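Residue numbers (the numbering used here): 34 to 115.
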């Protein structure tokens, strides 16, 4: 196990609250579609941390990017029609 992994494990053990930020690259595959397997794995990890007694907060900066594939958009919209 690397020193970085050991430090991360110690920080996680001593933390009551863990904030996990995920972006578009985590939520989507190379085609811009939601990566359901990755999301399921992330969900399982967050559940495990919660079951170990941590308060887990999920922050997503990838909401727009995650919805683009579903809407068939190739690039981010620059305007929001009303």
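Idealized CB from N, CA, C, for every residue including glycine.
Owing to the predicted nature of the structure, the values given are computational and were not obtained by experimental measurement.
Which listed residue (the options) has its alpha carbon closest to that of residue i
i: residue 82; options: 49, 106, 67 and 40; result: 49
i: residue 54; options: 76, 40 and 109; result: 76
i: residue 95; options: 80, 87 and 58; result: 58
i: residue 56; options: 93, 112 and 85; result: 93
i: residue 85; options: 35, 34, 45 and 60; result: 45
Secondary structure of residue i, DSSP reduced to three states
i: residue 35; result: coil
i: residue 111; result: coil
i: residue 105; result: coil
Cross-strand partners of residue i (DSSP beta bridge)
i: residue 88; result: 50
i: residue 67; result: 61
i: residue 55; result: 93
Rounded Cβ spacing between residue i and residue j (contact assumed at less than 8 angstroms)
i: residue 97; j: residue 109; result: 6 angstroms
i: residue 60; j: residue 72; result: 7 angstroms
C-beta neighbour in chain B for residue i, strict 9 angstroms
i: residue 39; result: Absent here is chain B; the protein component of the structure consists of one chain.
How do the segment 61-75 and the segment 91-105 stand: do at least 3 beta-carbon pairs fall below 8 angstroms, yes or no?
A contact is defined here as three or more CB-CB pairs under 8 angstroms, and the segment 61-75 meets this definition with respect to the segment 91-105.
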